[in-house]
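Numbering (the working numbering), first residue to last: 838 to 1084.
All C-beta atoms in this analysis are idealised placements derived from N, C-alpha and C, irrespective of residue type, glycine included.
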């Protein structure tokens, strides 16, 4: 049926069938083996739901595995003791409360928080695309695809951290400090802000940043300047929030 001609003001035109959107399997293979080709396909048929769902599910599983074994006392007590606004008599109560809610809040953040972050970042990318597209401005769905699909490169990292959580104890370390994939894992400094910056220099974060640049170029069809601006927004927000939140 797709090859049947359709009527138009200029005579009968052959109807071009729309190419199928890349499946989750295509996306998983593509981000590691042929990202440019994958992102070009996503330009014609944006697809982001499966990628976002996979990241959310993996994040929730990792959160649960980590939350079941983390030493909340070891993680929080040094931070709470440095806070002059918290009385020493309150510290034990706060830690006990955090032990009860660390997994539920973690699941909420992994699910709802991840989705909000993707849609918000895509909105920034879409705004950039309004002024830096090579031809027609990108759609918001193309922007969401350009943000969500590159995040699939983090799945091996999540699997690695989850496996470490299962097989060994890690005290009060947060997930980003468990796997030996960042500079911060090997280089220790006293300044917590600087140490957080070193943890941001992570192999998988760098890979995702590179893929975001390619996605902005080929899925959203932005000029190199626009793709670079999208990359800078990603780095500033991701690294900046991590550094500012370090205690």
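Check: Residues bridged to residue 970 by DSSP?; Outcome: 1059
Check: Helix, strand or coil: how does DSSP classify residue 1039 here?; Outcome: strand
Check: So, is residue 870 buried or exposed, given that buried needs 16 or more other C-beta atoms within 10 angstroms?; Outcome: exposed
Check: Is the beta carbon of residue 991 less than 9 Å from the beta carbon of residue 1036?; Outcome: no
Check: Alpha carbon to alpha carbon, how far is residue 934 from residue 1060? Give it in angstroms, no decimals.; Outcome: 50 Å
Check: Using three-state DSSP, classify residue 988 as helix, strand or coil.; Outcome: helix
Check: Which word fits residue 838, buried or exposed, when buried means at least 16 other C-beta atoms lie within 10 angstroms of its C-beta?; Outcome: Residue placement at residue 838 is poorly supported in this model, since its pLDDT is 42, which falls under 50; the coordinates are not used for a value here.
Check: For the alpha helix (DSSP H) containing residue 887, name the first residue and the last one.; Outcome: 886-906
Check: Would you say residue 1070 faces chain D, with C-beta separation under 9 Å as the test?; Outcome: In the structure shown, chain D does not exist; there is a single protein chain.
Check: Looking at the structure shown, is residue 860 part of a helix, part of a strand, or coil, going by DSSP?; Outcome: coil
Check: Leaving aside the five residues before and after residue 1071 along the sequence, list all residues of the same chain whose C-beta is less than 8 Å from its C-beta, in chain order.; Outcome: 958, 1046, 1049
Check: Count the other CB atoms within 10 Å of the CB of residue 1021; is the residue buried (16 or more) or exposed (fewer)?; Outcome: buried
Check: Which value, in whole angstroms, describes the spacing of the CA atoms of residue 888 and residue 1030?; Outcome: 32 Å
Check: Is DSSP giving residue 1006 helix, strand or coil here?; Outcome: coil
Check: For the candidate residues 949, 900, 881, 980, whose alpha-carbon lies nearest to that of residue 855?; Outcome: 881
Check: Could you tell me if residue 840 is buried or exposed, where buried requires 16 or more neighbouring beta carbons within 10 angstroms of its beta carbon?; Outcome: Only weak support is given to the placement of residue 840: the predicted model assigns it a pLDDT of 47, under 50, and the value that follows is read from those uncertain coordinates. With fewer than 16 other Cβ atoms within 10 Å, it is exposed.
Check: Among 925, 1053, 952, whose alpha-carbon lies nearest the alpha-carbon of residue 980?; Outcome: 1053
Check: Measuring CB to CB, does residue 1075 end up less than 9 Å from residue 1042?; Outcome: yes
Check: Less than 8 Å between C-beta atoms, sequence neighbours within five positions excluded: which residues of the same chain meet that for residue 946?; Outcome: 900
Check: Are residue 1057 and residue 898 touching if we call contact CB-CB under 9 Å?; Outcome: no
Check: Short check: CB of residue 986 to CB of residue 875, under 9 Å?; Outcome: yes
Check: Are the beta-carbon atoms of residue 896 and residue 951 separated by less than 9 Å?; Outcome: yes
Check: Evaluate the contact criterion for the segment 913-920 versus the segment 937-945: three or more CB pairs, one atom per stretch, below 8 Å.; Outcome: no
Check: Helix, strand or coil for residue 838? Go by DSSP, reduced to three states.; Outcome: Reliability fails at residue 838, whose pLDDT of 42 lies under 50, so the model's placement of it is uncertain and the value that follows must be treated cautiously. Residue 838: coil per DSSP, three-state reduction.
Check: Judging by CA-CA distance, which residue of 1003, 1084, 998 is the nearest neighbour of residue 1012?; Outcome: 998
Check: Cα separation between residue 966 and residue 943?; Outcome: 33 Å
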